[in-house]
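This note's numbering applies: residue 49 is where the sequence shown begins, and numbers increase by one.
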Amino acid sequence: MTTPSDAATPVDAMLAAANAMDEHTLRAGLRDAARDLGVNVAVIDVVLPFLNAVGRAWERGDCSVASEHFASQVVRSWLTGAALADVDAASTATDPIVLACPPGERHDLGLLCFHVLLVRSGVPSRFLGSDTPLPGLADVCRVVGASGVIVAATRRRVFEAHGGALRVLARHYPLSIGGAGADAEVAEHVGATLLPSDMRRSLAQVVRWHSGDATGVNVSA
49 MTTPSDAATP VDAMLAAANA MDEHTLRAGL RDAARDLGVN VAVIDVVLPF
99 LNAVGRAWER GDCSVASEHF ASQVVRSWLT GAALADVDAA STATDPIVLA
149 CPPGERHDLG LLCFHVLLVR SGVPSRFLGS DTPLPGLADV CRVVGASGVI
199 VAATRRRVFE AHGGALRVLA RHYPLSIGGA GADAEVAEHV GATLLPSDMR
249 RSLAQVVRWH SGDATGVNVS A
């Protein structure tokens, strides 16, 4: 088994730390990546590949369920704490974009990463997380004066199961969908915009849309 000290890359070292239940080393990897790359780039180039690596290791039987849960919770804690510690204006501003996973979708860390990227890019965002009832999502959008909604799922059938409710939501708010379960056919069916699978492109697209600016977006913050 690879140990953190002999791992070839930061992701390898973090995966070894997760398998060893070594929270100190795992948090150090997150901290160092943010320091060296900036939080946004660290999220895209280290955190997301790490989460994907954990998932693949679990599928191969090289990572226990306990280790996968441990890694997920450490990353979640970092994303909601250190990654947002120095920014708060975009999390409280008006006309936010509301982010949620629909009922049946428990995997929300990818969407949480996107929330962090949006907030750090100056886009007001509210993150509701996994298994969000869609009537409740519509209520939140109304209360906060949402400028748009992003719904994410890892499986196509989750979108299909809630197609009617998503179509209703899309009549009232600009709706985008993303995640491994999203595709062009589903987006057309529910009246949504399909976000690119590449996180940088998705971020640039949403930031441009929210600001009305057609120029590029710097994600190095």
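Quick reminder that beta carbons are idealized off the backbone N, C-alpha and C, glycines included.
With 16 other Cβ atoms within 10 Å as the buried cut-off, status of Pro244: What you label residue 244 is simply residue 196 of the sequence shown in a count that begins at 1. Classification for Pro244: exposed.
Buried or exposed by the 16-neighbour rule on C-beta atoms within 10 Å, applied to Thr263: Along the sequence shown, one-based indexing puts residue 263 at 215. Note that Thr263 has pLDDT 44, beneath the 50 cutoff, so the model's placement of it is unreliable and no number is given.
Nearest candidate by alpha-carbon position, reference Asp156, set Leu63, Arg256, Val234, Ser120: Walking along the sequence shown from the start, residue 156 turns up at place 108. Here the closest residue by C-alpha is Ser120.
Thr180 burial status per 10 Å Cβ neighbour count (16 or more: buried): Within the sequence shown, residue 180 is the residue found at index 132, counting from 1. With 16 or more other Cβ atoms within 10 Å, it is buried.
Beta-bridge partners of Gly170, as assigned by DSSP: Residue 170 sits at position 122 when you count from the first residue of the sequence shown. DSSP, once it has assigned bridges, lists no residue as partnering Gly170.
Coarse secondary structure for Leu243, derived from DSSP in three states: By one-based count along the sequence shown, residue 243 stands at place 195. It is coil, neither helix nor strand.
Rounded separation between Thr202 and Gly226 - CA only: Stepping through the sequence shown from its first residue, residue 202 is reached at position 154. Stepping through the sequence shown from its first residue, residue 226 is reached at position 178. Between Thr202 and Gly226, the C-alpha separation is close to 8 Å.
Extent of the continuous alpha helix (DSSP H) to which Val122 belongs: Here residue 122 refers to the residue found at position 74 when the sequence shown is read from its first residue. From DSSP, the alpha helix (DSSP H) with Val122 extends over 113 to 128.
Three-way DSSP call (helix, strand, coil) for Thr133 in this model: Looking up residue 133 in the sequence shown gives position 85. Note that residue 133 corresponds to Ala in the displayed sequence, not to Thr. Correct three-state label for Ala133: coil.
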